[in-house]
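Notes for the one structure printed next.
There are 2 protein chains.
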Amino acid sequence: MLDERKRQVLRAIIDSYIETAEPVGSRTIARRHDLGVSSATIRNEMADLEETGYLEQPHVSAGRVPSDKGYRFYVDTLMEPHAFSPLEYLRIQQEILGAQLSLERSIHEAARLLALLTQSVSLVVAPSMDQLVFKHLQLVALEDTSILVTMVLHPGIVKNRLIRTEQEFTPEQINELSSALNQKLKGVTYRDLGPTIFSEIIRDFGEIGQVLVELLLQGLSEEKGEQVYASGAVNILNQPEFKDVDRAKALFEALEQKEHLLNVLSSASRSSGVQVVIGHENLHDVMHDCSLVTATYYIGSDVVGTLGVIGPTRMDYAKVMAAVGLVSNSLSTLLTEQK
Amino acid sequence: MLDERKRQVLRAIIDSYIETAEPVGSRTIARRHDLGVSSATIRNEMADLEETGYLEQPHVSAGRVPSDKGYRFYVDTLMEPHAFSPLEYLRIQQEILGAQLSLERSIHEAARLLALLTQSVSLVVAPSMDQLVFKHLQLVALEDTSILVTMVLHPGIVKNRLIRTEQEFTPEQINELSSALNQKLKGVTYRDLGPTIFSEIIRDFGEIGQVLVELLLQGLSEEKGEQVYASGAVNILNQPEFKDVDRAKALFEALEQKEHLLNVLSSASRSSGVQVVIGHENLHDVMHDCSLVTATYYIGSDVVGTLGVIGPTRMDYAKVMAAVGLVSNSLSTLLTEQK
DNA sequence: TTTAGCACTCATCACCGAGGAGTGCTAACA
DNA sequence: TGTTAGCACTCCTCGGTGATGAGTGCTAAA
Chain U
1 MLDERKRQVL RAIIDSYIET AEPVGSRTIA RRHDLGVSSA TIRNEMADLE ETGYLEQPHV
61 SAGRVPSDKG YRFYVDTLME PHAFSPLEYL RIQQEILGAQ LSLERSIHEA ARLLALLTQS
121 VSLVVAPSMD QLVFKHLQLV ALEDTSILVT MVLHPGIVKN RLIRTEQEFT PEQINELSSA
181 LNQKLKGVTY RDLGPTIFSE IIRDFGEIGQ VLVELLLQGL SEEKGEQVYA SGAVNILNQP
241 EFKDVDRAKA LFEALEQKEH LLNVLSSASR SSGVQVVIGH ENLHDVMHDC SLVTATYYIG
301 SDVVGTLGVI GPTRMDYAKV MAAVGLVSNS LSTLLTEQK
Chain L
1 MLDERKRQVL RAIIDSYIET AEPVGSRTIA RRHDLGVSSA TIRNEMADLE ETGYLEQPHV
61 SAGRVPSDKG YRFYVDTLME PHAFSPLEYL RIQQEILGAQ LSLERSIHEA ARLLALLTQS
121 VSLVVAPSMD QLVFKHLQLV ALEDTSILVT MVLHPGIVKN RLIRTEQEFT PEQINELSSA
181 LNQKLKGVTY RDLGPTIFSE IIRDFGEIGQ VLVELLLQGL SEEKGEQVYA SGAVNILNQP
241 EFKDVDRAKA LFEALEQKEH LLNVLSSASR SSGVQVVIGH ENLHDVMHDC SLVTATYYIG
301 SDVVGTLGVI GPTRMDYAKV MAAVGLVSNS LSTLLTEQK
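Note that the protein sequences, when read in sequence, are chains U and L. According to my numbering, the first sequence holds residues 1 to 339 in order. According to my numbering, the second sequence holds residues 1 to 339 in order.
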């Protein structure tokens, strides 16, 4: 285990490196942080810290740089948690809770805000429709052979599908079917949809019911995929570790692989609270010099989505973790309270 | 005016520069294009072309590079138009026309495709709602005090708004109002909405009508702003002119200023057909080494939107123009035929 | 255990010279 | 008169070199 002074030195080095992105030497620490010992002593400590794997040296005459293990220790036990000022805190919460928006827009807004706060790339995985509850379903016959299906799901999601059919229906048929469907589906979770729950409709409405139900099922299935929203990708160009265009391009391209992202995000945060994945802890090659800070968000006590931030391993963990925590909380509050 | 050989030389230089992004010298032209004259002669021609402003020289011992004037001449009279093979042509058209998508998705798809074809950033301005025609309007009372407004606009746009009201309405009131509104609005252009057209509703439904109409108007106005979709921003990192991160960042940031983009795009293409704005012809500083290729798209004979591509002035104008033309045509066809 | 001192390493930067691509000019040629 | 070979000249690029300085590890003394 590390003694108190080693911890102080390690913290000082990481703080400094996070701020400046420059390898930090013993003199810098001795001057800037008042540890009451000389640079030579710090040098010795640094040598020990390197030996035990908390620090690395880009080359022999450069200062030290934190290793993944160093960051991990820093995040777990060393760093001072960042506290937003009450003013900021309120303002951020307000920004999410304030506007009366659809779920999709709220999620966009959360992503935007998170990117702004952290100056990094933010990601938000929208609730998969599986977990949402039907509030209302309405079929509307448009003048031609198409039927508009409008679904209102809790919380605040409205989905539309235009279904085209060869067969013509009278408005009355549509209306009856609409009420029947609405009756059946109100309060049902999307995931529980299936042939069984439709069987009564098919029974009551015969062939027409069957056709419509099939069309419905087919139409709905297209909407099922989980969606990831990214925001603030430009921000990574401000980070010195991405001054090399090829690196930046690699990350950008990784960000476009939405399915990959989904994996990364969802595997990252199984447990509750704010999770951190540092550098090589990440399974994907491209992300080996990136860290990921994630949290889940809730409706009531059900996890419905994940959000997170991607940045260089040299990120301001305290601040990013605070931001991710706050935004996920605010989003959970919004979704839970919105009836 | 330029004589035939000067034109050939200029075309050869621009073709070569577009391909390689390297200043091109007289020897290269003499070797690669069989003009039947020596490099010395070409050197003389190049000196003339520089004098008259079609070419520029980065420094005295480098080859020549096209000037904005050079590109302009190339685009207007020199270049060979690019023709997609019938197979490509069909495939592209199919990709847009094929899927039965909502307008919003079709526009996304068009942007994605355009970016893919040109390996540049593509932009699509969605039709402003002003120009769309009401096809159907439906109010649905949800169980609490909120009312769901669903508007179906031609072509293929479905908009929802949740309106919250203190006042409670019975489902019957809502239904009556819904039919009345639908009756009134069917076939009306969005732009023609206003107090006058609502006055009858207010008259027929008294205070409740008034309240609802106000809520409606207020709700709708939020949806009015024009929307720009961008796609393929990553592609510009492949262009050698953006190997410098700061440049790339500047362009990225310009792309995020959606209102700016709207100005640029809409001022660019007033007239019909494919328009090209080259380098300094563009009014915005950031875009001085970019060119913009735009076209409008239609519903019937009404211009409803603009789409375009932004890339370095050294872009493959022939190919980009062909792509922009084809995509805008396909989109127009889609919107016009979709009833 | 701490620290001052010192030799050593090595990245960075400015500078230099060779190499080479490309030009403009001149003079000869068709 | 237009074309071309030849040549001097420019200046970018690139590899090498040496100075500088930040930072280290080691040693010996406090």
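All C-beta atoms in this analysis are idealised placements derived from N, C-alpha and C, irrespective of residue type, glycine included. These numbers were taken from a predicted model, which means no experiment stands behind them.
{"Query": "Which residues does DSSP pair with Leu123 (chain L) in a beta bridge?", "Result": "L:Ala230, L:Gly308"}
{"Query": "Kindly indicate which three-state DSSP category Lys159 (chain U) falls into: helix, strand or coil?", "Result": "strand"}
{"Query": "Around the Cβ of Gly305 (chain U), are there at least 16 other Cβ atoms within 10 angstroms (buried) or fewer (exposed)?", "Result": "buried"}
{"Query": "To which residues of the same chain is Arg72 (chain U) closer than 7 angstroms at the C-beta, ignoring the five residues directly before and after it?", "Result": "Ile278"}
{"Query": "Quickly, what does DSSP pair His154 (chain L) with across the bridge? List them, please.", "Result": "L:Val133"}
{"Query": "Using CA atoms only, rank isn't needed, just tell me which of L:Ala40, L:Glu50, L:Arg31 is closest to Leu10 (chain L).", "Result": "L:Glu50"}
{"Query": "Note down, in chain order, each residue of its chain lying with its Cβ closer than 6 angstroms to the Cβ of Leu181 (chain U), except the 5 sequence neighbours on either side.", "Result": "Leu137"}
{"Query": "How many angstroms separate the CA atom of Met287 (chain U) from the CA atom of Glu256 (chain U)?", "Result": "14 angstroms"}
{"Query": "Name, going along the chain, the residues of the segment 121-153 of chain L whose beta-carbon falls closer than 7 angstroms to a beta-carbon of chain U.", "Result": "Lys135, His136, Gln138, Val140, Leu142, Asp144, Leu148, Thr150, Val152"}
{"Query": "State the Cα-Cα distance for the pair Val158 (chain L) and Met79 (chain U), rounded to the nearest angstrom.", "Result": "50 angstroms"}
{"Query": "For Thr294 (chain L), list the residues DSSP reports as bridge partners.", "Result": "L:Gln275, L:Gly308"}
{"Query": "Less than 6 angstroms between C-beta atoms, sequence neighbours within five positions excluded: which residues of the same chain meet that for Val140 (chain L)?", "Result": "Leu148"}
{"Query": "Quick one: which chain U residues come within Cβ less than 8 angstroms of Leu237 (chain L)?", "Result": "Val245, Ala248, Lys249, Phe252"}
{"Query": "Label Arg32 (chain U) either buried or exposed according to how many other C-beta atoms from any shown protein chain fall within 10 Å of its C-beta, with 16 as the threshold for buried.", "Result": "exposed"}
{"Query": "If Val268 (chain L) sits next to Leu307 (chain L), beta carbons under 8 angstroms apart, how far is it from one beta carbon to the other, in whole angstroms?", "Result": "Looking at the sequence provided, one finds Ala at residue 268 (chain L) rather than Val. Wrong, their Cβ atoms sit about 11 angstroms apart, outside the cutoff."}
{"Query": "Is there a Cβ from chain L that is less than 9 angstroms from the Cβ of Ser102 (chain U)?", "Result": "yes"}
{"Query": "Does the Cβ of Ala111 (chain L) have 16 or more other Cβ atoms within 10 Å, making it buried, or fewer, making it exposed?", "Result": "buried"}
{"Query": "With a CB to CB cut of under 7 angstroms and the five nearest residues on each side skipped, what residues in its chain are close to Leu97 (chain L)?", "Result": "Ser330, Thr333, Leu334"}
{"Query": "Mapping the DSSP letters down to three states, classify Pro23 (chain U) as helix, strand or coil.", "Result": "coil"}
{"Query": "Go ahead and pull the three-state DSSP assignment for Leu331 (chain U).", "Result": "helix"}
{"Query": "Just to confirm, is the Cβ distance from Val37 (chain L) to Ala47 (chain L) under 9 angstroms?", "Result": "no"}
{"Query": "Between the C-alpha atoms of Val309 (chain L) and Tyr190 (chain L), what's the straight-line distance to the nearest angstrom?", "Result": "29 angstroms"}
{"Query": "Cβ closer than 8 angstroms: which chain L residues qualify as neighbours of Val234 (chain U)?", "Result": "Lys249, Phe252, Glu253, Glu256"}
{"Query": "Quick test of the definition: if touching needs 3 or more C-beta pairs under 8 angstroms, does the segment 119-135 of chain L touch the segment 229-244 of chain L?", "Result": "yes"}
{"Query": "Should Pro58 (chain L) go down as buried or exposed, given a rule of 16 or more other Cβ atoms within 10 Å for buried?", "Result": "exposed"}
{"Query": "Taking Cβ to Cβ, would you say Pro155 (chain L) is nearer than 9 angstroms to Thr336 (chain L)?", "Result": "yes"}
{"Query": "Using a cut-off of 8 angstroms between C-beta atoms, extract the partners of Asn160 (chain L) located in chain U.", "Result": "Ser102, Thr150, Val158, Asn160"}
{"Query": "For the alpha helix (DSSP H) holding Asp48 (chain L), just list the boundary residues, first then last.", "Result": "39-51"}
{"Query": "Helix or strand or just coil, what does DSSP make of Ser66 (chain L)?", "Result": "As written in the sequence, residue 66 (chain L) is Pro, which differs from the Ser given in the question. Residue state, collapsed to three classes: strand."}
{"Query": "Kindly indicate if chain U contains any beta-carbon less than 9 angstroms away from that of Phe242 (chain L).", "Result": "yes"}
{"Query": "May I ask you to report which of helix, strand or coil DSSP gives Ser179 (chain U)?", "Result": "helix"}
{"Query": "If Val152 (chain U) sits next to Lys135 (chain U), beta carbons under 8 angstroms apart, how far is it from one beta carbon to the other, in whole angstroms?", "Result": "4 angstroms"}
{"Query": "Start and end of the alpha helix (DSSP H) containing Ile107 (chain U)?", "Result": "103-118"}
{"Query": "Go ahead and label Pro312 (chain L) buried or exposed: buried means 16 or more other beta carbons lie within 10 angstroms of its beta carbon, across all protein chains shown.", "Result": "buried"}
{"Query": "Ignore the nearest five residues each way along the sequence and tell me which others in Pro171 (chain U)'s own chain have a CB closer than 6 angstroms to its CB.", "Result": "Ala141"}
{"Query": "Taking only the alpha-carbon atoms, compute the straight-line gap between Val188 (chain L) and Ile202 (chain U) and give it to the nearest angstrom.", "Result": "38 angstroms"}
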